[in-house]
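A.B. asks: Here you go, one structure.
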Amino acid sequence: MNLTIKDVRVIVSCPGRNFVTVKIVTESGIYGVGDATVNGREMAVATYLQEHVAPCLIGRNAHEIEDIWQYLYKGVYWRKGPINMASISAVDMALWDIKGKAADLPVYELLGGKSRRGVSVYVHATGETVDDTLDRAEALRGQGFSAIRLQTSVPGLAGSYGTLGDKKDYFELQSDRPLPPETPWSTRKYMNSIEELFSKARDRFGTDIQLLHDVHSRLTPIEAARLGKMLEPYDLLFLEDAVAAENQDSYRIIRDHTTTPLAIGEIYNTIWDCKEMIQNQWIDYIRCAATHAGGITNLRRIADFAAHFHVRIAPHGAPDLSVICFAAQAHVGIWAPNFGIQEFVGFGNETSNLVFSHDMSIENGMIHVSDRPGLGVDFNEEAAKDYPYNRSYLPVSRLEDGTLWSW
Ligand code: CS2
Ligand code: MG
324 MNLTIKDVRV IVSCPGRNFV TVKIVTESGI YGVGDATVNG REMAVATYLQ
374 EHVAPCLIGR NAHEIEDIWQ YLYKGVYWRK GPINMASISA VDMALWDIKG
424 KAADLPVYEL LGGKSRRGVS VYVHATGETV DDTLDRAEAL RGQGFSAIRL
474 QTSVPGLAGS YGTLGDKKDY FELQSDRPLP PETPWSTRKY MNSIEELFSK
524 ARDRFGTDIQ LLHDVHSRLT PIEAARLGKM LEPYDLLFLE DAVAAENQDS
574 YRIIRDHTTT PLAIGEIYNT IWDCKEMIQN QWIDYIRCAA THAGGITNLR
624 RIADFAAHFH VRIAPHGAPD LSVICFAAQA HVGIWAPNFG IQEFVGFGNE
674 TSNLVFSHDM SIENGMIHVS DRPGLGVDFN EEAAKDYPYN RSYLPVSRLE
724 DGTLWSW
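Each residue of the sequence shown is one higher than the one before, starting from 324 at the first, in the working numbering.
Here it is, written out as structure tokens:
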């Protein structure tokens with residue numbers, strides 16, 4: 324079988340939201356697909372792939388995943404970075420997809436086989452009020468989900484995290500806004516209101532449901548420590564992104580004060596972004612995504628490293644990752660001995676399902692992958708032509724006095 328790479332196609336499409344997709348075609352006719360979406364910066368990664376990565380791949384043997392990974396990582400000289408790493412990630416996923424198809428095996432078999440029956444997920448309940456959020460959580464429980472992330476608008480801060488004015492969902496395409504939408508933030512108002520959400524959740528649902536919360540890096544370490552202590556009675560599965568951790572030592576401060584489990588990693592690109600937090604056991608879950616942290620090859624390396632320090636993987640699963648990334652993470656998740664939980668907000672929508680197809684199913688709060696060779700996903704290039712790129716920015720946050728804050 325001739326697996327020489329003969330074509331690398333980079334497609335930016337917007338079936339509901341923008342995605343950057345890579346398709347690698349080999350002489351044998353076998354092809355693979357990968358996700359390189361960097362939300363709000365799609366054209367940068369597409370140009371990088373097209374102009375700088377694709378020419379290096381033509382004529383190479385698609386079986387040599389590791390060498391191609393090293394070539395694109397070390398060989399670039401500049402290393403790391405979200406655009407570079409998303410490009411490597413997409414190429415890597417496509418090559419695993421090809422290897423699986425060539426071997427006639429699903430990717431999880433190539434990784435070492437199944438460690439569990441399915442990939443447990445957590446879903447989102449986001450509302451404008453506490454009761455609204457809990458009603459949504461109740462509906463999700465009815466659909467068989469038993470791990471739910473709760474986010475609610477902060478009283479007195481219209482459009483704060485979770486709701487965005489007339490766009491009720493911050494995940495939605497914001498292309499009707501020429502610049503990033505701005506949302507207000509006040510740590511005092513947040514800290515004064517957040518406990519009620521979790522105390523009411525426990526009153527209503529009892530203790531046999533897992534609760535999670537995402538702080539989106541808006542606190543300082545000592546504020547996060549206070550929040551962790553405040554939420555201890557409500558037994559969270561984890562508190563996510565309490566503090567931005569360019570300075571990883573920040574997590575030591577939080578850890579010194581609270582037993583609330585901590586998670587971070589959705590914007591990380593390499594093991595170096597989280598190495599100290601993992602090896603010092605300052606966190607409990609690492610949330611790196613296959614699309615942003617170097618594909619299946621590097622997610623596996625991060626998982627293996629983390630396993631030595633009792634840290635489990637909980638990959639990012641927002642809708643700005645295409646279903647190709649979900650499939651890659653599901654294959655890693657079903658194999659990884661230290662898999663924790665997968666974030667899940669659905670396998671796209673009606674429109675994106677016209678462009679992306681997949682073989683995964685969800686049942687009783689678990690993703691199941693089929694035994695189809697490769698990743699079990701496909702991308703319809705013809706259908707994608709009907710959905711051209713549509714510029715859209717993520718929101719930004721400002722304090723009430725106008726200071727720009729982490730969103
Ligand atoms: C969030 C994401 O899913 C999450 O945990 O933090 O929604 C994140 O804001 C987006 O993926 C950014 O593109
Ligand atoms: Mg998050």
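C-beta atoms are modelled at their ideal positions from N, C-alpha and C, and glycine is treated no differently.
#1: The ligand MG and Asp-607: does the residue's C-beta get closer than 7 Å to at least one heavy atom of that ligand?
#2: Can you give the Cα-Cα distance for Pro-711 and Cys-337, rounded to whole angstroms?
#3: Determine, using beta carbons only, whether Thr-456 and Leu-644 come nearer to each other than 8 Å.
#4: Return yes when the Cβ of Ala-650 is within less than 8 Å of the Cβ of Leu-698, no when it is not.
#5: What residue range does the beta strand (DSSP E) around Gly-355 cover?
#6: How many whole angstroms separate the CB atoms of Leu-560 and Pro-584, which I take to be in contact at a CB cut-off of 8 Å?
#7: May I ask which residues mark the beginning and end of the alpha helix (DSSP H) holding Ile-391?
#8: List, from N- to C-terminal side, the beta strand (DSSP E) runs of 3 residues or more that fit wholly inside the segment 475-520.
#9: Are Ile-471 and Val-446 touching if we call contact CB-CB under 8 Å?
#10: Mind the definition here: the segment 676-691 touches the segment 463-482 only if three or more C-beta pairs lie below 8 Å; say whether that holds.
#11: Pull up the distance between the alpha-carbon of Arg-440 and that of Arg-610, whole angstroms please.
#12: Going by DSSP in three states, Asp-537 sits in which element: helix, strand or coil?
#13: In the structure shown, what three-state DSSP assignment does Leu-698 receive?
#14: Is the beta carbon of Met-416 closer than 8 Å to that of Ala-613?
#15: The alpha helix (DSSP H) that contains Asp-458, what's its start and end?
#16: In three-state DSSP terms, what is His-447?
#17: Could you spell out where the beta strand (DSSP E) holding Ser-336 opens and where it closes?
#18: Taking DSSP as the reference, what is the three-state secondary structure of Thr-344?
#19: By alpha-carbon positions, which one of Asp-330, Val-335 and Thr-327 ends up nearest to Lys-708?
#20: Classify Asn-570: buried if its beta carbon has 16 or more other beta carbons within 10 angstroms, exposed otherwise.
#21: Excluding five sequence neighbours on each side, which residues of the same chain lie with their C-beta closer than 7 Å to the C-beta of Phe-628?
#22: Rounded C-beta distance between Leu-542 and Leu-550? I'm assuming under 8 Å.
#23: Over what stretch of residues does the alpha helix (DSSP H) that includes Met-287 continue unbroken?
#24: Since Met-366 is in the beta strand (DSSP E), which residue starts that stretch and which ends it?
#25: Under 8 Å by Cβ, that's how I've got Ser-540 and Asn-713 pegged, so tell me the actual separation to the nearest angstrom.
#26: Thinking C-alpha only, which one of Pro-478, Val-678 and Glu-666 is nearest Glu-689?
#27: Comparing alpha-carbon positions, which option in Leu-562, Asp-572, Glu-589 and Val-566 lies nearest Thr-582?
#28: Could you tell me if Tyr-400 is buried or exposed, where buried requires 16 or more neighbouring beta carbons within 10 angstroms of its beta carbon?
#29: Give me the Cα-Cα distance between Ser-344 and Leu-502, rounded to the nearest whole angstrom.
#30: How far does the beta strand (DSSP E) with Ile-685 in it reach, from first residue to last?
#31: Glu-704 to Ile-406, Cα distance in whole Å?
#32: Could you round the C-beta distance between Thr-506 and Gly-479 to whole angstroms and report it? I think they count as a contact, below 8 Å.
#33: Does the segment 371-383 come close enough to the segment 660-674 to have 3 or more Cβ pairs within less than 8 Å?
#34: For Ala-417, which three-state DSSP category applies?
#35: Give a yes or no on whether the C-beta atoms belonging to Tyr-608 and Arg-575 are separated by under 8 Å.
#36: On a Cα-Cα basis, can you pick out the residue from Asn-362, Leu-434 and Phe-632 that is closest to Ile-657?
C.D. replies: On the basis of the coordinates in this document:
#1: Result no, Cβ not under 7 Å from the ligand MG.
#2: 5 Å
#3: For Thr-456 and Leu-644, no; Cβs fall outside 8 Å.
#4: Yes, they are a contact pair.
#5: 354-358
#6: 7 Å
#7: 388-396
#8: Runs found: 505-508.
#9: Val-446 sits close to Ile-471, with the two beta carbons spaced by under 8 Å.
#10: yes
#11: 21 Å
#12: strand
#13: If DSSP states are grouped into helix, strand and coil, Leu-698 belongs with coil.
#14: yes
#15: 453-465
#16: strand
#17: 328-336
#18: In the structure shown, Thr-344 adopts extended strand secondary structure according to DSSP, grouped into three states.
#19: Val-335
#20: exposed
#21: Scanning its chain for C-beta atoms nearer than 7 Å, with the 5 sequence neighbours on each side dropped, one finds around Phe-628 the residues Ile-594 and Ile-601, in chain order.
#22: Right, the Cβ-Cβ distance comes to about 6 Å (below 8 Å), so this counts as a contact.
#23: As shown, the chain starts at 324 and ends at 730. That puts residue 287 outside it, with no answer to give.
#24: Taken as a continuous stretch (DSSP letters only), Met-366 belongs to no beta strand (DSSP E), being part of the alpha helix (DSSP H) at 365-371.
#25: Not confirmed; about 27 Å, so no contact.
#26: A small correction: the amino acid at residue 689 is Met; Glu does not occupy that position in the sequence shown. It is Glu-666.
#27: Leu-562
#28: Its Cβ having fewer than 16 others within 10 Å, Tyr-400 is exposed.
#29: Correcting the residue type first, residue 344 is Thr in the shown sequence and not Ser. C-alpha separation (whole angstroms): 24 Å.
#30: 684-686
#31: 23 Å
#32: The Cβ separation is near 13 Å, so there is no contact.
#33: no
#34: helix
#35: no
#36: Leu-434
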